[in-house]
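Colleague: Encoded as structure tokens, here's the structure I'll be asking about.
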Amino acid sequence: MKYYYLSVSIDFKEVGIYPQSTSFNEIGSVQEYGLGFNAPINSIKLPELILDNKAKLTNLISVTYINRSVFLILDHSFISMLKSNDSINDFQYWNLKVLKKNSTINNYYLFHLSYPSDIDIIDFEKSTFELSNDNLGSGIKKRFEDYIDYKKEWDKTINLGNTLKFEKIFLDFRKMNSDLIRILNIDSMFIGYYISEPLKKAIEKERFTGLVFQEIEEIDKRIKAIY
Numbered sequence: 087m088k089y090y091y092l093s094v095s096i097d098f099k100e101v102g103i104y105p106q107s108t109s110f111n112e113i114g115s116v117q118e119y120g121l122g123f124n125a126p127i128n129s130i131k132l133p134e135l136i137l138d139n140k141a142k143l144t145n146l147i148s149v150t151y152i153n154r155s156v157f158l159i160l161d162h163s164f165i166s167m168l169k170s171n172d173s174i175n176d177f178q179y180w181n182l183k184v185l186k187k188n189s190t191i192n193n194y195y196l197f198h199l200s201y202p203s204d205i206d207i208i209d210f211e212k213s214t215f216e217l218s219n220d221n222l223g224s225g226i227k228k229r230f231e232d233y234i235d236y237k238k239e240w241d242k243t244i245n246l247g248n249t250l251k252f253e254k255i256f257l258d259f260r261k262m263n264s265d266l267i268r269i270l271n272i273d274s275m276f277i278g279y280y281i282s283e284p285l286k287k288a289i290e291k292e293r294f295t296g297l298v299f300q301e302i303e304e305i306d307k308r309i310k311a312i313y
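The opening residue of the sequence shown carries number 87 in this note's numbering; numbering runs sequentially from there.
See below:
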């Protein structure tokens, strides 16, 4: 099954202005859930968003201060579609208070897919990485046996202030059966949400706005997608 990277639209005719929200009345606790967060959320203080006056009310909202690799801002129609999809499991959503001009909008939700799929997608036998910092110069080439081996190095890299990037990465989607997945703990270039071909077609049929689908190998030429 083919997948696409889910990104936000920057077409002003569609979204009005990009990003659609750069300010808030209350940030809540969403910024506590950064890169590497890969579990259900037990307790959260919700943000209170302020939309730009020029922003249009799209099905997905672009927000600067909420990590899009962890959370999405979706409207009721989008949430309903995901809820009706039996292949999508272990997700959470919370109703948000969204302000625009002098009006309150209660149609938007903070969406979170609990578990990323890194462990199932990355083919470590074929993928190569580079570890670098200010002292290493050009960097050290690295290979990993599996995700556990990689994750240990990733966590150590973050703690030491080093950088671990991929030289060539193979993403094998053949085992995936969910129409919506999330990837974390890799280069920030392509972390985030991915949508299957069937879900993409369903979204296009409903003419949802505020989002675009990117071919995975076009995000970065170092990525090879396997279907």
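Glycine included, every Cβ here is placed at the ideal spot set by N, Cα and C. These numbers come from a predicted model, not from an experiment.
Where do the N-terminal and C-terminal ends of the beta strand (DSSP E) with Ser-166 fall, by residue?
Modeller: Premise fails: Ser-166 lies in the alpha helix (DSSP H), 162-169, not in any beta strand (DSSP E).
Colleague: Give the secondary structure of Asp-258 by DSSP, where H, G and I count as helix, E and B as strand, and everything else as coil.
Modeller: strand
Colleague: Going by alpha carbons, who is nearest to Pro-133 out of Tyr-279, Val-149, Leu-143?
Modeller: Val-149
Colleague: Along the chain, where does the alpha helix (DSSP H) containing Ile-289 start, and where does it finish?
Modeller: Counting along the chain, the alpha helix (DSSP H) containing Ile-289 begins and ends at 283-292.
Colleague: Give me, in chain order, the residues of the same chain whose beta-carbon lies closer than 6 Å to that of Leu-196; leave out the 5 immediate sequence neighbours on both sides.
Modeller: A distance below 6 Å between beta-carbons, with the five flanking residues on each side excluded, links Leu-196 to the following residues of its chain, in chain order: Phe-157, Trp-180, Leu-182.
Colleague: Within the same chain, show all residues whose beta-carbon is closer than 6 Å to that of Ile-277, passing over the 5 residues directly before and after it, in chain order.
Modeller: Ser-155, Ile-269, Leu-270
Colleague: Identify every residue that forms a DSSP beta bridge with Val-298.
Modeller: Ser-93
Colleague: Looking only at its own chain, which residues have a Cβ that is under 7 Å from the Cβ of Met-92, when we skip the five neighbours before and after it?
Modeller: It should be pointed out that residue 92 corresponds to Leu in this sequence rather than to Met. Closer than 7 Å at the Cβ level, and outside the excluded window around Leu-92, lie Gly-278, Tyr-279, Tyr-280, Ile-281, Leu-297, Phe-299.
Colleague: In the structure shown, what three-state DSSP assignment does Lys-251 receive?
Modeller: strand
Colleague: Assuming Ile-305 contacts Arg-260 under a Cβ cut-off of 8 Å, what Cβ separation, rounded to an integer in Å, is found between them?
Modeller: With a Cβ gap of about 19 Å, Ile-305 and Arg-260 do not count as contacting.
Colleague: DSSP puts Tyr-194 in a beta bridge; with which residues?
Modeller: Asp-161
Colleague: Considering only C-alpha positions, which residue in the set Tyr-233, Leu-266, Asn-124 is nearest to Ser-202?
Modeller: First, the amino acid is wrong: residue 202 is Pro here, not Ser. Considering only alpha carbons, the answer is Asn-124.
Colleague: Using alpha carbons as the reference points, say which of Ser-189, Lys-227, Trp-240, Asp-265 lies closest to Ile-136.
Modeller: Nearest in C-alpha terms to Ile-136, of all of Ser-189, Lys-227, Trp-240, Asp-265, is Ser-189.
Colleague: Between the alpha carbons of Pro-284 and Tyr-236, how many angstroms are there, rounded?
Modeller: 31 Å
Colleague: Check whether the Cβ atoms of Glu-239 and Leu-257 lie closer than 8 Å to each other.
Modeller: no
Colleague: Start and end of the beta strand (DSSP E) containing Tyr-314?
Modeller: Residue 314 is absent from the model: the chain starts at 87 and stops at 313.
Colleague: Considering only their Cβ atoms, is the gap separating Asp-265 from Ser-173 smaller than 8 Å?
Modeller: A contact, by the Cβ cut-off of 8 Å.
Colleague: Please list the terminal residues of the continuous beta strand (DSSP E) segment that includes Lys-238.
Modeller: Premise fails: Lys-238 lies in the alpha helix (DSSP H), 233-246, not in any beta strand (DSSP E).
Colleague: Is the separation between the beta-carbon of Ile-309 and that of Tyr-90 shorter than 8 Å?
Modeller: Taking 8 Å as the Cβ cut-off, Ile-309 and Tyr-90 do not qualify as a contacting pair.
Colleague: Taking only three categories from DSSP, how would you classify Phe-210?
Modeller: The answer is coil: DSSP assigns Phe-210 none of H, G, I, E or B.
Colleague: Pick out whichever of Glu-112, Ile-130, Asn-111 has its Cα sitting closest to the Cα of Tyr-119.
Modeller: Ile-130
Colleague: Around the Cβ of Ser-107, are there at least 16 other Cβ atoms within 10 angstroms (buried) or fewer (exposed)?
Modeller: Buried is the label assigned to Ser-107, since at least 16 other Cβ atoms lie within 10 Å of its Cβ.
Colleague: What are the boundary residues of the alpha helix (DSSP H) that includes Asn-99?
Modeller: This sequence places Lys at residue 99; Asn is not what is there. Note, Lys-99: alpha helix (DSSP H), 98-101.
Colleague: Which residue from Leu-217, Asn-145, Lys-228, Tyr-233 puts its Cα closest to that of Gly-247?
Modeller: Leu-217
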